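Chains as they are written, first to last, in the UniProt record's numbering: chain A, 1 to 521; chain B, 1 to 810.
By construction, the Cβ of each residue, glycine as well, lies at the ideal position given by its N, Cα and C atoms.
Small disclaimer: the values here were computed from a predicted structure and weren't measured.
A short write-up of the structure that comes next.
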Amino acid sequence: MPKISIDERTIEVPAGTTVLDAAEQLGIEIPTLCFLKGYLPSTSCQVCLVRDRASGKLVPSCATKIVDGMQIDSETAEVHAARRTALELLLSDHVGDCLAPCFFACPAHMDIPLMLRQLGNHDLHDAIETIKRDIAIPAVLGRICTKPCEKGCRRSSADDPVSVCELKRYAADADLASEHAFAPECAADSGKRVAIIGAGPTGLSAAYYLRQRGHACRLIEATVQLGGRLRWETDSETLPRGTLDAEIAQIVGLDVQVETATPVDSREAFEKLVDSHDVVLIASGADAVKMSDEWSVDGSRRGIEINRETYQTKRENVFAAGCAVRGKCLFVRSAADGKEVAGCIDQFLSGQKVTAPPKPFASRLGRVATEEMKQFLAGAASVPVQTPNTSDDYSDEQVAEQSDRCLSCGCVAHGDCRLENYAARYGADPNRFGTRQGVYEVLGRGGNVLFEPGKCIKCELCIQIASQSQDALGLSFVGRGFDVRVSVPFDGSYDEGMGDLAERCIAACPTGALYFDRKAE
Amino acid sequence: MNAAVGSAEKVVNDTTVIASPAIDLAFVDQTVAVHGGGPEAVIPILQAIQTKYRYLPDAALQRVCELTEITPSAITGVSTFYTQFRHRPMGRHAIQVCRGTACHVKGADLIEEAIALHLGLKPGEDTDQQGQFTIEPVACLGCCTLAPVVQIDDATYGRLTPQSVPSTIRGFARRGSEVKSTRRDLRKRDFSTSGSAVGEIRVGLGSCCVAQGSGQVFDKVQEVVTSIGAAAEVKRVGCVGMCHQTPLVETIRGDGTSRLYCHVQPEQVEEIVLQNYQPTGIVSRMRTSWSKMVAELYGRENGAESSVEAVSPKEGPVCEFLGPQKRIATESCGDIDPLDLSEYQRHEGFVALKRCLDELSSDEVISEIERSGLRGRGGAGFPSAIKWRTVRGANAETKYVICNGDEGDPGAFMDRMILESFPYRVIEGMAIAAVAVGAHQGYFYIRAEYPLAVERIRHAIAECEAAGLLGDRILGSDYSLKFSVKEGAGAFICGEETALIHSIEGGRGTPRLRPPFPAESGLWEKPTLINNVETLSLVPWILRHGGDEFAKFGTETSKGTKVFALAGKIQRGGLIEVPMGVTIRQIVNQIGGGVANGRRFKAVQIGGPSGGCVPASLADTPVDYEALSSVGAIMGSGGMVVLDDTDCMVDIARYFLRFTQDQSCGKCTYCRIGTKRMLEILERICGGEAKKGDLDLLEDLCQSVSSGSLCGLGKTAPNPVLSTLRYFREEYEAHLAGHCPAGKCKNLIAYHITDACIGCTLCAQHCPVDAIPAVPYAKHVVDVDLCTACDTCRVVCPENAVEIVRRTNA
């Protein structure tokens with residue numbers, strides 16, 4: 001059998017094997033977008049390039065047959081750079097947001113479109129789960145948040161933004177009122193102990209997420225009541241204390257050890273905490289900086305000095321977040337900090353390298369033209385925005401209707417998109433070749449299958465699959481060169497083009513170009 | 001820009017009045033009956049439908065799918081891939097505007113703008129309101145020496161200027177329907193007289209000669225010879241190569257002396273004939289006219305000069321032009337009738353094939369090719385013998401040979417000329433190749449833009465079949481060999497061999513990864529030998545004279561001769577064949593007579609979109625595969641476009657990138673998107689909008705596209721950019737600083753009228769956009785905002801008072 005080596009590792013494979021298959025047998029993962037087992041390699045994406053040492057040339061591994069004695073480089077800087085460039089070129093022609101603008105606008109990066117979709121489907125339980133993945137105190141924030149998400153909502157440039165905050169509040173209220181309120185699962189006890197100084201939005205949130213990871217939390221509050229600035233910076237009309245208490249109770253209910261009226265006001269008290277805990281988190285608000293000397297951490301006019309990536313002070317087991325480091329910030333920022341610092345502390349406690357919360361890779365649409373906005377609006381409910389008056393909350397129907405106003409800006413394939421995942425892995429810069437020029441459009445409205453040509457990478461897989469159908473019209477490339485696009489012959493619909501094989505076509509699509517219309521189900 | 005795609009997507013102005021013909025599906029049925037219903041029939045069927053309706057009506061395509069194995073998906077994919085096919089009705093006449101290199105450097109953009117202006121087209125439109133004319137840019141019409149060129153239906157017009165556009169179009173419209181085809185192939189051609197000592201009058205009738213009026217001259221010669229009964233046969237010959245001298249007439253008297261007449265006008269024909277031949281059998285009517293003529297001639301000899309004078313091939317420009325050339329592929333150039341099989345045979349035609357069948361073994365034939373050192377003339381220069389031997393050695397019952405006649409490089413037209421002028425030679429070369437490798441079926445793949453070449457090869461194949469040179473048991477041997485013609489449909493990429501194979505198979509012309517090479521698995525997965533036209537045309541000579549004789553010409557690694565299309569800013573453009581090893585300078589200065597109009601010789605673009613620009617300082621580089629690639633160019637198919645100091649090198653790079661970007665099949669990421677991004681950067685640089693870092697990004701992209709693309713088109717697309725960056729980087733940098741040194745890039749220049757203006761108002765009268773108010777007897781001023789930089793004012797100014805200056809605020 002022919003013998004080849006990939007990255008200096010040798011393997012014997014039968015003649016006719018491709019480099020890609022040989023690499024797989026060696027456990028070397030070569031990225032591919034346009035290749036799918038069982039179909040002809042179209043050698044289109046060129047993301048699977050490897051270097052053949054004999055010729056010095058880059059070749060697509062999916063279609064290159066091995067030759068005895070072949071030496072291949074896969075994991076080298078040169079090969080990675082070529083893959084990255086291929087990804088960057090594809091991204092330069094990519095029209096779509098991986099993540100909706102509201103994702104970036106929300107400091108807590110809550111998955112707003114998912115929540116809205118769930119609310120649109122009357123699925124309250126899933127919605128609250130989605131919310132609480134990123135926000136520990138939604139009923140509270142639903143009343144006092146300054147709503148940066150709505151300012152970022154794409155729909156605000158057409159008519160009015162989706163009432164994200166109200167809908168979130170509605171979901172949280174409903175959850176609080178229900179018999180089986182949502183309670184996250186907490187991992188088994190890790191044996192690690194965290195002392196949290198301050199029970200404001202940051203400290204409460206941190207406790208909520210640390211407990212879920214199995215770490216014991218001791219919440220130490222200087223005053224007699226939990227809530228911190230949630231209590232003294234709001235009035236009870238805006239934020240009914242019952243709601244505040246209920247949400248705090250949900251957090252404490254995760255087996256959080258609480259000590260009120262316990263100021264940590266001396267060096268000794270602080271050091272005792274440090275000694276008796278694996279980590280101390282300073283979340284005691286803007287005044288914390290006054291204690292920086294006592295606590296042996298650095299402070300500036302703004303607040304306690306931390307490594308902005310890791311929330312660590314100069315003492316690696318002492319973390320700080322929220323107003324303690326920012327001086328002044330939005331409530332939602334404090335809540336977001338609590339979640340993020342919990343992640344960093346968890347990394348620290350489990351012996352991992354402490355890193356900043358990963359910035360998701362994102363292809364971004366940026367400003368959209370009027371015509372493009374029409375494309376978005378066509379997929380959303382056309383009702384005007386509505387806010388409930390205080391006495392009378394939304395009806396179930398209104399919730400669904402208001403949620404359906406969402407333009408679904410984010411990509412259906414987010415998280416599952418091979419282009420997105422490889423772009424993140426290879427550190428591709430989506431704007432290396434300039435900002436996007438393609439036009440956003442969604443084809444196939446009215447049918448089951450929608451197609452976004454701007455996200456298509458011309459891999460040919462759907463065309464190959466559709467051609468196997470007995471009854472479908474088939475799909476075809478139309479035109480050539482840069483303007484080539486996938487289309488249905490004779491002005492057929494995408495449903496007709498793929499027929500019974502639509503599901504396979506959609507599953508094969510390496511990006512989010514092809515999908516079932518959620519509204520059509 | 002991208003005509004193929006645009007046509008499918010863009011909606012023409014609704015008000016355009018174009019009558020859609022009623023769809024006669026019976027025609028579709030007949031067409032299918034003729035071409036068969038296999039998947040490979042799709043292109044011929046589409047061509048037939050388009051010829052009938054002038055576009056592809058959906059109903060007709062659906063009918064094809066009902067009747068054949070061709071799927072809706074296949075017919076859609078194929079019909080939108082090739083530029084030739086239209087999906088919406090077109091005007092009654094097609095104006096094809098050549099975008100070849102030579103036309104580009106001679107202002108094809110301005111011509112295109114002038115036509116659009118004349119037809120009143122708005123952006124995005126291609127057909128005028130009356131539905132008379134549709135404008136279609138084409139990659140190259142292959143009439144480079146007549147640049148800039150347009151073709152209206154089948155009439156070619158050369159050396160256009162923006163000013164001559166309206167009259168050209170009006171002139172065409174006036175000719176109306178009574179005009180006869182400019183192709184003079186199938187008309188009766190033998191015109192012998194009763195006289196005993198018969199002379200010969202040869203008229204060059206290559207496509208570009210015809211565009212220069214050779215057709216009318218040919219008609220006139222026939223008319224005159226008949227009417228005065230001159231003892232001369234009128235003979236159509238192929239391209240003579242001296243495109244700068246056309247129309248060309250050569251007279252051979254009964255005693256064998258010959259004379260050559262250049263730039264012949266129809267009204268001079270009578271005199272030329274009379275200078276050389278005695279009239280015989282004169283009728284009285286003729287006698288009268290004859291006396292009148294003699295009197296005129298006599299008068300002239302007594303005073304004025306004769307209106308026509310023969311030029312001597314022994315001295316002067318013609319001698320300089322022909323002197324350094326060596327004709328092998330173009331042997332007997334200007335002597336023989338392209339379609340006269342017996343004449344080709346009298347010139348040792350098919351002797352080599354006969355030997356290959358009767359005397360030589362396949363190995364001996366291939367060894368002869370190997371000894372000759374023959375390398376592919378299509379571009380890459382792969383040793384032909386290796387290819388032949390691989391196909392020969394492939395273990396398969398069925399093998400194919402293909403003649404790659406998809407010459408697509410803008411600026412190259414030697415393959416067209418060889419196909420048109422020496423069809424039998426190419427057939428013989430291909431037959432020898434077929435016999436040597438053991439193939440019994442051969443295909444000529446010829447691009448759609450070369451209708452005359454297609455016609456002549458078809459005709460020649462038929463003649464050969466009739467003469468037993470092709471068909472069953474050729475030349476009395478037991479070897480059977482069939483050739484047929486496949487027409488391309490307008491896709492440069494089909495010159496790439498795997499794309500060409502897909503096209504013959506009836507698919508979109510997209511290349512595939514090699515290996516496997518076509519020699520192992522080609523057409524219908526059978527071993528296939530693909531050689532270029534020029535390569536095959538050299539084969540009979542090599543077999544007749546021996547490989548060693550061929551190898552006497554040339555350099556260490558590049559043997560024999562190479563045909564070049566010499567065009568651009570040159571005194572004497574034309575089709576030349578030179579021994580390998582001559583220098584670029586010899587070609588430009590000696591053969592070409594140097595740069596035209598007293599400008600400075602700046603560079604030569606060699607190898608088209610895959611090639612590069614060789615600066616004048618490196619003009620002593622010899623014509624040699626390795627030497628050319630070491631200076632950043634390639635031998636390519638042989639386009640050689642001379643550039644002078646008014647040519648902007650960034651613009652040249654952009655021109656080629658536009659071409660490759662437009663011709664990219666769109667399959668692989670690097671080429672599809674990479675060339676587009678490169679072009680955008682070049683557009684920014686030419687437009688004065690480049691950003692800092694753009695040059696670095698451009699260079700990075702060049703490297704990436706060249707190493708990451710799947711096929712040769714993408715891999716070589718960056719070459720024109722790389723070579724201009726290498727030798728003319730300062731021009732790129734000048735553009736970044738807002739200055740186009742050559743005064744070519746419209747956004748960076750302005751037209752300015754100097755104090756030399758005498759107020760004659762000519763510029764104002766000619767300005768197509770009224771950017772110059774007419775102020776008699778006063779100095780005129782150009783409104784920079786209205787000006788489209790069409791250059792008309794500068795050309796018409798009798799005082800040279802219009803200058804191109806640096807644009808201050810864009």
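Considering only beta carbons, the part of the region 83-105 of chain A lying closer than 8 angstroms to chain B consists of Thr85, Ala86, Leu89, Leu90, Ser92, Asp93, in chain order. Per the DSSP secondary-structure output, Leu219 (chain A) pairs in a beta bridge with A:Ile196, A:Val258. Under the criterion of beta carbons closer than 8 angstroms, Val280 (chain A) and Ile197 (chain A) qualify as touching, at roughly 7 angstroms. Excluding sequence positions up to five before and after Gln325 (chain B), its CB lies within less than 6 angstroms of the CB of Ile576, Glu577, Val578, all in the same chain and listed in chain order. According to DSSP, residue pairing for Glu549 (chain B) in a beta bridge does not occur. Taking 9 angstroms as the threshold, the shortest C-beta distance from Ile75 (chain B) to chain A falls below it. Taking 9 angstroms as the threshold, the shortest C-beta distance from Ile4 (chain A) to chain B does not fall below it. With a cutoff of 9 angstroms on beta-carbon distance, Asn532 (chain B) and Arg377 (chain B) are scored as near each other. Nearest CB-CB separation between Glu267 (chain B) and chain A: not below the 9 angstroms threshold. Around the C-beta of Pro776 (chain B), fewer than 16 other C-beta atoms lie within 10 Å, and the residue is accordingly described as exposed.
Residue nearest to His125 (chain A) within the set A:Ala171, A:His109, A:Gly142 is A:Ala171 (criterion: CA-CA distance). Between Val454 (chain B) and Glu487 (chain B) the beta-carbon gap is near 6 angstroms, inside 8 angstroms, which marks them as a contact.
Non-local C-beta neighbours of Pro263 (chain A) in its own chain, meaning closer than 6 angstroms and more than five positions away in sequence, comprise Ala222, ordered along the chain.
Along the region 479-506 of chain A, going in chain order, the ones with a CB nearer than 9 angstroms to a CB of chain B are Gly479, Arg480, Gly481, Phe482, Asp483, Val484, Arg485, Ser487, Val488, Pro489, Phe490, Asp491, Gly492, Gly497. Within the region 462-479 of chain A, those residues whose Cβ lies closer than 8 angstroms to any Cβ of chain B are, in chain order, Ile463, Ala466, Ser467, Leu473, Gly474, Leu475, Ser476, Phe477, Val478, Gly479. Chain-ordered, the chain B residues with CB closer than 8 angstroms to the CB of Lys458 (chain A) read Gly666, Lys667, Arg672. Secondary structure at Asn448 (chain A): coil, using DSSP grouped into helix, strand and coil. Ile75 (chain B) sits away from Glu112 (chain B), with the two beta carbons spaced by 9 angstroms or more. Within the region 91-168 of chain B, complete alpha helix (DSSP H) segments of at least 4 residues are found at 101-105, 108-119, given in chain order. Close to Asp662 (chain B), with beta-carbon spacing below 8 angstroms, are these residues of chain A in chain order: Gly481. Pairing Val162 (chain A) with Ser395 (chain A) gives a Cβ-Cβ distance that is not under 9 angstroms. For Ala155 (chain B) and Gly120 (chain B), the gap between their C-alpha atoms comes out near 22 angstroms. Rounded to whole angstroms, the separation of the alpha carbons of Gly444 (chain A) and Val488 (chain A) is 10 angstroms.
Around the beta carbon of Trp388 (chain B), 16 or more other beta carbons lie within 10 angstroms, which makes this residue buried.
When Cβ-Cβ separations below 9 angstroms define contact, Phe433 (chain A) makes contact with chain B. Nearest neighbour of Arg83 (chain A) by Cα position, chosen from A:Leu49, A:Leu116, A:Arg53, A:Val95, turns out to be A:Leu49.
Using beta-carbon distances, Pro41 (chain A) counts as an interface residue toward chain B, with a partner under 9 angstroms. Counted as a single uninterrupted DSSP element, the alpha helix (DSSP H) harbouring His766 (chain B) occupies residues 762-766.
Shortest Cα-Cα distance from Asp128 (chain B) to any of B:Arg92, B:Ala108, B:Lys106, B:Gly107 involves B:Arg92.
With contacts defined as CB atoms closer than 9 angstroms, Leu481 (chain B) and Ala436 (chain B) fail to qualify as a contacting pair. For chain A, the residues of the region 42-71 of chain B that bring a beta carbon within less than 7 angstroms of one of its beta carbons are Asp58, Gln62, Thr71, in chain order. With respect to the C-alpha of Gln375 (chain A), the residue from A:Gly303, A:Gly327, A:Tyr440 having the closest C-alpha is A:Tyr440. Using a Cβ-Cβ distance cut-off of 8 angstroms, the region 333-343 of chain B and the region 232-249 of chain B are in contact, since at least three pairs of beta carbons, one from each stretch, lie closer than that value. For the region 707-718 of chain B, the residues whose beta carbon sits under 7 angstroms from a beta carbon of chain A are, in order, Ser707, Gly708, Leu710. Counting C-beta pairs with one atom in each stretch, the region 644-659 of chain B and the region 618-630 of chain B have fewer than three that are closer than 8 angstroms, which means they do not touch.
Measuring C-alpha to C-alpha distances from Cys153 (chain A) to each of A:Phe182, A:Phe104, A:Ala181 identifies A:Phe104 as the nearest.
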